[in-house]
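Colleague: Protein sequence lines, in the order shown, are assigned to chains A, B, C and D.
Note that this note's numbering numbers the first sequence so that position 21 is 218, with each residue one more than the last.
Note that this note's numbering numbers the second sequence so that position 40 is 237, with each residue one more than the last.
Note that this note's numbering numbers the third sequence so that position 155 is 158, with each residue one more than the last.
Note that this note's numbering numbers the fourth sequence so that position 164 is 188, with each residue one more than the last.
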Amino acid sequence: MRARVFVTLKPSVFDPQGRTIADALHSLGYNGVEGVRQGKYFELDLATTEASKAKALAAEVADKLLANPVIESYRIEVD
Amino acid sequence: MRARVFVTLKPSVFDPQGRTIADALHSLGYNGVEGVRQGKYFELDLATTEASKAKALAAEVADKLLANPVIESYRIEVD
Amino acid sequence: MKFAVIVFPGSNCDEDAYYAATAVLGQQAEYIWHKDTGLKGADVVILPGGFAHGDYLRTGAMARFSPIMHDVRAFAERGGPVLGICNGFQILLEAGLLPGAMLRNRGLKFLCEQVHVRVEQTDTPFTLTCRRGQVLRMPIAHGEGNYFAEPDVIARLEANRQIIFRYTDAAGEVSDASNPNGSASAIAGLCNEARNIVGLMPHPERACESVLGSADGLCILESVLQSLKAGALAGA
Amino acid sequence: MIDSQILERHGIKPDEYDRILQFLGREPNLTELGLFSVMWSEHCSYKSSRVHLKTLPTEGPQVLQGPGENAGAVDIGGGLAAVFKIESHNHPSFIEPYQGAATGVGGIIRDIFTMGARPIALLNSLRFGALDRPGTPRLVEGVVAGIAGYGNSMGIPTVGGEITFDPAYAGNPLVNVFCLGIAKASDIIKGVASGVGNAVYYVGAKTGRDGIHGATMASSEFDERSAEKRPAVQVGDPFMEKLLLEACLEVMKTDALVGIQDMGAAGLTCSTTEMGSRGGAGIEIDLSLVPQRESGMTPYEIMLSESQERMLLVVKPGREAEVERIFDKWDLHAVAIGRVTSDGMLRVKDHGQVVAEVPAGALTDQAPLYRRPMTPPDYLSDVRHLDLDNLPVGRTFSGPADGLLALLGSPTIASKRWVYRQYDHMVRTNTINLPGMGAGVVRLKGTERALAMSLDGNGRFGYLNPYQGAMLAVAESARNVACTGARPLAATNCLNFGNPERPSIMWQIARAVEGMGAACRALGVPITGGNVSLYNETDGTAIYPTTVIGVVGLLDHADRVVGSRFREAGDVIVLLGEGTGELGGGEYLNLVYDLVRGAPPALDLARERALQALVVALAGERLIRSASDCSEGGLAVTVAECSFDTGGIGAEWSIEPVTVARDPQVNLAAMLFGESASRIVVSAAVDAVSSVLKRAAAAGVPARVIGRTGGDRLRIAAGGTIVIDVSVEEAERVWSTAIERYFKKKVA
Ligand SMILES: Nc1ncnc2c1ncn2[C@@H]1O[C@H](COP(=O)(O)OP(=O)(O)O)[C@@H](O)[C@H]1O
Ligand SMILES: [Mg+2]
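1. Tell me where the alpha helix (DSSP H) around residue 124/C begins and ends.
2. Count the other C-beta atoms from every protein chain shown that fall within 10 angstroms of the C-beta of residue 176/C, then say buried if there are 16 or more, exposed otherwise.
3. Does DSSP put residue 261/A in a helix, a strand or coil?
4. Report yes if the C-beta distance between residue 546/D and residue 571/D is below 8 Å; otherwise report no.
5. With a cut-off of 8 Å on the beta carbons, I'd call residue 217/A and residue 59/C a contact; round off their distance for me.
6. Check whether the Cβ atoms of residue 371/D and residue 378/D lie closer than 8 Å to each other.
7. Check whether chain C comes within 8 Å of residue 241/B, counting only Cβ atoms and requiring the distance to be less than that.
8. Count the other C-beta atoms from every protein chain shown that fall within 10 angstroms of the C-beta of residue 504/D, then say buried if there are 16 or more, exposed otherwise.
9. Taking Cβ positions only, does residue 267/B come closer than 8 Å to chain C?
10. If you scan the segment 369-440 of chain D from start to end, which runs of the alpha helix (DSSP H) of 4 or more residues do you find wholly inside it?
11. Could you give the first and the last residue of the continuous beta strand (DSSP E) run that contains residue 236/B?
12. State the DSSP-derived secondary structure class of residue 276/D, mapped to helix, strand or coil.
13. List, in chain order, every chain D residue whose beta-carbon is nearer than 9 Å to that of residue 53/C.
14. In three-state DSSP terms, what is residue 273/A?
15. Residue 245/D to residue 53/D, Cα distance in whole Å?
16. Determine the direct distance from the alpha carbon of residue 9/C to that of residue 76/C, and round the result to whole angstroms.
17. Please classify residue 261/D: does DSSP put it in a helix, a strand, or coil?
18. What residue ranges within the segment 147-235 of chain C form continuous alpha helix (DSSP H) runs of no fewer than 4 residues, ordered along the chain?
19. At a cut-off of 7 Å, would you count residue 475/D as near ligand 3, judging by its Cβ distance to the nearest heavy atom?
20. Which residues in chain A have a C-beta closer than 8 Å to the C-beta of residue 263/D? List them in chain order.
21. Based on DSSP bridge pairs, tell me the residues matched to residue 119/C.
22. Counting only Cβ pairs nearer than 9 Å, list the residues of chain C close to residue 618/D.
23. Could you round the C-beta distance between residue 451/D and residue 46/C to whole angstroms and report it? I think they count as a contact, below 8 Å.
24. Straight-line CA distance for residue 99/C to residue 265/B?
25. On the DSSP letters alone, give me the boundaries of the alpha helix (DSSP H) that residue 170/D sits inside.
26. Which chain A residues are close to residue 271/B, counting only those with a beta carbon under 9 Å from its beta carbon?
27. Rounding to the nearest angstrom, what Cα-Cα distance links residue 208/A and residue 512/D in this structure?
28. Which first and last residues belong to the alpha helix (DSSP H) in which residue 495/D is found?
29. Quick one: is residue 304/D buried, meaning 16 or more other Cβ sit within 10 Å of its Cβ, or exposed?
30. Look at residue 590/D and residue 666/D and say whether their C-beta atoms are less than 8 Å apart.
31. So residue 751/D is in the beta strand (DSSP E); what residue range does that whole segment cover?
32. With 16 as the cutoff for other CB atoms within 10 Å, does residue 252/D come out buried or exposed?
33. Out of 664/D, 216/D and 405/D, which one is the CA nearest neighbour of residue 672/D?
34. Express the C-alpha separation of residue 551/D and residue 496/D in angstroms, rounding to a whole number.
35. Between 134/D, 578/D and 734/D, which lies nearest to residue 333/D when the distance is taken from Cα to Cα?
36. Which residues in the same chain as residue 241/D place their Cβ atom closer than 6 Å to its Cβ, once the five residues preceding and following it in sequence are excluded?
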C-alpha cells in the first residue's frame with residue numbers, strides 16, 4: 198500500500214525558495230498569492246497491507262531519512 | 198485561504214533522488230519499502246476566500262511556474 | 004563581431020564568457036541585464052552559466068520569464084546564433100527554445116571536473132570549425148545536468164541530427180562510466196531544429212586557455228565567428 | 025526585574041553585571057541586558073583571548089589592514105590589495121551540518137565584500153571524527169554539500185583546503201572557512217559610522233527570529249510562544265547574498281558610502297555598535313523601520329536576531345537616492361532605519377519610544393578583558409614520553425609496502441577528490457593550481473601576477489605541544505604557498521580550542537598564540553586577522569587544540585606557477601632539507617600503534633625561512649618542474665603522491681638510513697614515514713639539477729638527489745636494497761578510493 202509523507206520546514210524556519218518563488222509570482226502579476234512555502238513530498242510503496250503498520254513504517258523512515266528534525270517536520274497519510 | 202500543490206515526476210521519468218533513498222533504505226534493512234518517489238510540495242497563501250477561485254489560481258500558477266510539464270505533473274488541494 | 008552576454012540575477016559565469024569573447028577571442032562584448040530590452044546590435048547571444056534566481060524551484064524556471072528573453076527569442080527566430088552554457092542551457096530548456104528538461108545528476112552531487120565530449124554534428128554555428136567525432140576536453144560544473152526527454156523526442160533529436168555533443172571517454176567512446184550525470188543518450192549538448200540555438204552543459208569558456216587545463220573549448224567560440232563571417236546564417 | 029537566573033541564562037557573571045550597572049548608572053532592561061550578553065560573549069568580545077592576540081605581529085610594509093576590521097588586507101602591487109580572513113562555524117555545523125557550513129561560507133564572504141573587495145577564492149579546513157564511525161559520513165556529507173551549495177551558487181571558486189579525521193573531533197567537528205577578495209588598495213572601505221545626521225541604512229534579508237542563541241530561554245519569560253517559534257538554526261540564502269554582493273560592490277564604486285558592515289554574529293547589535301565605536305560616534309535606530317519576516321517580534325528579538333544576508337550602511341548626505349536606486353536595480357530595498365549621532369550612544373527606539381540606550385563603547389572597547397589562570401595540562405607529562413624501543417604490539421604488515429599502502433588509504437592522507445569535485449573550483453577562470461595540487465593558486469587577470477593560498481594545522485602536534493604545533497602550522501602553510509613559487513606575504517588564523525575557563529585550556533591557547541607569533545615573525549608573515557572558537561568540548565573532553573593558519577602569497581609571474589605533481593619521466597628528484605626520522609605525533613604511530621605520543625617534529629625557523637626562499641627562487645628561475653611539501657606520512661607518502669594524477673609517472677629513489685631505535689623495522693619506518701619539518705621534494709630536468717644544487721648550497725639548505733622519475737612503479741631503496749616496490753596504479757587506486765568508499769549508497 199502507499200504512504201505519502203509531507204516534509205515542511207518548521208513554521209519559523211526561513212524558506213528562501215518559497216520567498217523567491219513568491220517574488221517571481223508577484224513580478225508576474227500574481228499578487229493574489231500572498232505567500233509560498235516549499236516542502237518535500239514522498240510517495241512510499243510499502244509491502245504491508247495494514248494501514249497502521251504502513252503508517253508506523255513511514256514514520257520510522259521519515260525520522261531516519263526523509264526529514265531533518267532540526268529544521269523540518271512531517272505529516273503522513275496512508276490509503 | 199490556503200492551496201496545496203503536489204508536484205511529482207511523471208511515471209516515465211527516472212527519479213534519482215527517490216531511487217537513492219530507496220537504495221539507502223534497503224541497505225538499512227527496510228525491505229518493506231518497495232519504492233520511493235520524491236516530489237515537491239507547495240503551500241500557497243491566497244488572498245481569495247472562494248475555494249473555486251483558489252483552485253483556479255493555484256492551477257494557473259502551477260502550470261505557469263511550479264511544475265515543468267515535460268517531466269512533472271501536479272495535483273491541487275484547497276481547504 | 005559583437006557578443007551579448009545576458010546577465011540574470013544569480014548568473015556567475017557572465018564575466019568568464021565576456022572574458023573569453025573579448026580577451027581571448029579579441030571580439031566585442033556587452034553585458035545585458037535581464038530586465039533590459041534590446042540586444043545592442045549583438046551578432047551572437049550567450050546565456051552564461053550560474054544559478055539564475057538561485058536555481059530555486061528548478062534550474063532556469065524563473066529566468067525564462069525575464070523581459071530580455073523576448074528579445075532573445077526574437078533574435079533566435081531571425082536565425083541569430085544563441086549559445087546556452089550550463090545554466091544558460093537549462094534556461095533554454097525551461098523557455099522551450101530547446102526540447103527536454105534537466106534532472107538532478109544521478110549521483111545527486113554537484114560535479115566539477117574535466118570531461119570529454121564528442122562533437123556529433125558540425126553544421127551549427129557553434130561547431131562549424133570542429134571536426135565531426137572530434138573529442139573535446141572541457142570542465143563541467145553542475146548538480147542538474149541529467150538530461151531527460153521522452154523516447155519519441157530523443158528519436159526525433161537523433162533523426163534531425165540535433166544532438167551536438169555526447170559525453171564520451173578520452174578515446175571518444177560512449178560508455179556508462181563516461182556519462183557523468185546519467186544524461187539520456189549521453190547527451191551533453193543539443194540544438195533546435197533550425198540549428199542556430201545550441202545548449203551544452205560543459206563550459207567552453209573555461210577551456211579557452213591551456214593554463215586553465217584545456218583550450219579545446221575555443222573551437223566552439225571560433226566556430227561562431229567563422230559562421231558569422233561566412234554569413235552562413237541567413238537573416239542573422 | 026533582572027535576577028541571578030536571568031543573568032545566568034545570559035551568560036553574564038555577577039562581576040560583569042556590576043560593570044554593566046556602573047556603565048548605565050541604573051538597572052538595564054531585558055533588551056539592554058541582551059545587548060551586553062551578546063557583545064560581551066566570548067565570540068564577539070574575545071575577552072579570554074584578546075590579551076594574548078595583542079602579542080601577535082601584525083605589521084609589515086605589505087600590510088594595509090591588520091586585525092580589527094572585518095578582514096585583513098595586504099598590498100599585492102599594481103595598486104591592488106588582497107583582502108582575506110578566516111571564520112569558524114563549528115557549533116552551527118554540528119547542529120545542522122548543511123546550513124551550518126553554508127551560513128559559515130556566507131558569513132566569511134560578507135566579511136570580504138564588506139571591505140569593498142570582490143571575493144575570488146574560498147578555502148576550508150575541516151576536522152571530523154573517525155570516518156569509519158557511524159554518523160561521521162553523514163556529517164561530512166552535509167558539511168561538504170553546504171559549503172558547495174553556498175560557494176558554488178555565489179560563483180566563487182573553492183580552490184583548496186584540508187580535511188582530517190581523528191576521534192578527538194567526534195563530538196566537536198571543526199568547520200573553518202576562508203575567503204579572499206581583491207580590491208583597489210585605495211578603495212578599501214571600513215566598518216565605520218561617522219558624520220552626525222548621516223542616514224543609517226539596512227539592506228538585505230528581512231529579520232526573523234533566527235539564531236537567537238542562549239538568550240532564547242531568558243527572553244521567553246516575557247514571550248512564551250515566541251520561544252518555541254525561535255529556531256537556533258539559520259538558513260542560508262546564497263541567491264540573496266549574490267544580489268547583495270553585486271549591489272554592494274556597485275554602490276561602493278560610487279563613493280556614496282561612509283562605511284558598511286555585515287550583520288554577522290549578534291546581528292544588528294554588533295554592526296551598529298562596532299560601526300559607532302570605530303567612528304567614535306553614536307547610532308540611533310528605530311526598530312519599527314527594520315524589515316521583519318515575522319509578526320510580533322520584540323525589540324529584544326530584533327536586536328539579537330542572526331538572520332543571514334543583511335548589511336548595515338552609513339550613507340553620505342545627499343547620496344541616499346543614488347544608493348537606493350542601485351539596490352532597487354538588484355531587487356533589494358535599502359531602508360533608512362536611523363542616523364549617526366554625536367553622543368556615542370546606541371539608542372534603540374520602537375515607534376519613537378526609546379527601548380534601549382547604551383554607550384556603544386561599553387559594548388565594544390570596554391567589554392571585559394580576562395587574564396585567565398593558566399596551568400599546563402596534566403596529560404602532557406605522560407604523552408611526552410615515546411619509547412621507540414618498547415612500542416606496543418601494533419598492526420602487522422607483510423612488509424613496508426603494505427605500510428605505505430595503509431597510510432595512503434588512511435582518510436587523512438587519502439585523495440580528497442570526493443570532496444573537492446563537489447566544489448566549483450574553476451569558476452572565474454583564474455584557477456591555475458587546482459585542488460589536490462598543493463596550495464590553491466588564482467591568477468589576477470590584467471596582471472602578470474597570481475596569488476597562492478593554503479590552510480594548514482595539525483591538531484595532534486598541537487595536543488602534544490601547542491607552542492610547537494602552532495609554529496609548525498605557520499611553517500607548513502607558508503611552505504605550501506612557497507612550493508607554488510609564491511612569496512608568502514601574510515597570514516590569518518583560526519584558534520579552535522576548548523573551554524578557556526579551564527586553566528589547562530587557557531594555557532594551550534596562550535602557548536599556541538606565542539608559537540604562532542614566533543613563527544610569523546621569523547618567516548615574515550604578519551597576522552592580519554583571524555577568528556577564535558572556544559568551548560569546543562563535549563562532556564568535559566576538549567578537541568585537540570587546533571590552530572589553523574591561512575597564508576597568502578604572491579607569484580610575480582603566474583606562468584611560472586609550480587604544481588606538486590611530477591611532470592616528466594626521466595626528471596631528477598631532489599630532496600631539499602633533511603629528515604631525522606621523527607615519528608612523534610605522526611600518522612604512522614597513530615595508524616599502526618594507535619599512539620598519539622612523543623614530541624612534534626623539531627623546527628628551525630631560520631632554516632625554514634631559507635628553504636622557502638630557495639624554492640621560490642628555483643620556481644622563479646624555472647629550474648624545477650614540481651615541488652611538494654613533505655608532511656603527513658613523511659617522505660614515502662609525499663613522493664608517492666607526486667606520482668598520482670600524472671597518468672602514472674613512477675619514481676625510483678632511495679632513503680638515507682637513520683637510527684632512532686634498536687629494531688631495524690622501526691628505523692626503516694622512521695626513514696620512510698617520519699614527519700620531520702622543513703622538507704620539500706622537487707623534481708627538475710636533468711640539465712637543471714646542478715643549478716638547483718648550487719642554489720641550495722648557496723642558500724645553506726641541505727639538498728640531495730634522491731632518485732629519478734619514470735617507469736610505472738614506486739621503487740624505494742634503503743642502503744642499497746629495494747624495500748618498497750609497488751605499481752603506481754595499485755598505490756593510486758588505494759589512495760583515490762579510500763574516502764569515496766564510505767559514501768557509497770548514502771543519501772545526499
Ligand atoms: N585569532 C585571531 N588573530 C588575530 N586577529 C583575530 C583573531 N580572531 C579574531 N581576530 C580579529 O578580531 C576581529 C573580530 O573578529 P570577528 O568577530 O570574527 O569579526 P566578524 O564578526 O566581522 O567576523 C577581526 O578583525 C578579526 O580579524
Ligand atoms: Mg564582520
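For every residue, glycine included, the Cβ atom is placed at its ideal position computed from N, Cα and C.
What you are looking at is a predicted structure, and each value in this text was computed from that prediction instead of being measured.
Modeller: Walking through what the data contain:
1. Note, residue 124/C: premise wrong, no alpha helix (DSSP H); not H, not E.
2. By the 10 Å Cβ count, residue 176/C comes out exposed.
3. Three-state DSSP puts residue 261/A in a helix.
4. No, the pair does not count as a contact, with Cβ atoms beyond the cut-off.
5. Confirmed, about 5 Å.
6. Judged by beta-carbon spacing, residue 378/D lies within the 8 Å limit of residue 371/D, meaning their Cβ atoms are closer than that value.
7. Chain C, which has no Cβ nearer than 8 Å to the Cβ of residue 241/B, makes this no.
8. The residue in question, residue 504/D, is buried, as its Cβ has 16 or more Cβ neighbours within 10 Å.
9. Nearest CB-CB separation between residue 267/B and chain C: below the 8 Å threshold.
10. 384-387, 403-407 and 424-432, all fully within the segment 369-440 of chain D.
11. Run containing residue 236/B: 230-243, per the beta strand (DSSP E) assignment.
12. In the displayed model, residue 276/D falls within a helix according to three-state DSSP.
13. Using a Cβ-Cβ cut-off of 9 Å, residue 53/C is close to 177, 179, 266 and 451 of chain D, given in chain order.
14. Residue 273/A falls in the strand class under three-state DSSP.
15. Low local confidence applies: a pLDDT of 35 at residue 245/D is under 50, so the model's placement there is unreliable, and no value is given.
16. Their Cα atoms are separated by approximately 13 Å.
17. For residue 261/D, the three-state secondary structure derived from DSSP is coil.
18. With a minimum length of 4 residues, the continuous alpha helix (DSSP H) runs that stay inside the segment 147-235 of chain C are 154-162 and 221-232.
19. Inclusion of ligand 3 in the displayed structure is not the case, the ligand content consisting of ligand 1 and ligand 2 alone.
20. Per Cβ cutoff of 8 Å: 213 and 217.
21. In DSSP, residue 119/C forms a bridge with 140/C and 171/C.
22. For residue 618/D, there are no C-beta contacts with chain C under 9 Å, since the nearest C-beta of that chain is about 33 Å from it.
23. 26 Å between Cβ atoms; not a contact.
24. Cα to Cα, residue 99/C sits roughly 10 Å from residue 265/B.
25. Counted as a single uninterrupted DSSP element, the alpha helix (DSSP H) harbouring residue 170/D occupies residues 160-178.
26. Proximity of chain A to residue 271/B at the Cβ level (cut-off 9 Å) is not reached, the minimal Cβ distance being about 10 Å.
27. Going from the Cα of residue 208/A to the Cα of residue 512/D covers about 49 Å.
28. For residue 495/D, the enclosing alpha helix (DSSP H) stretches over residues 490-507.
29. The residue in question, residue 304/D, is exposed, as its Cβ has fewer than 16 Cβ neighbours within 10 Å.
30. In this structure, residue 666/D lies closer than 8 Å to residue 590/D by Cβ.
31. Residues 745-751.
32. Any answer about residue 252/D is weak, because its pLDDT of 47 lies below 50 and its placement is not dependable; what the coordinates show is given next. Classification for residue 252/D: exposed.
33. Looking from the CA of residue 672/D, the closest CA among 664/D, 216/D and 405/D belongs to 664/D.
34. Roughly 15 Å between the two C-alpha positions.
35. For the set 134/D, 578/D and 734/D, the Cα lying nearest the Cα of residue 333/D is the one of 134/D.
36. With a pLDDT of 36 at residue 241/D, under the threshold of 50, the predicted position of this residue should be treated as unreliable, and no value is reported.
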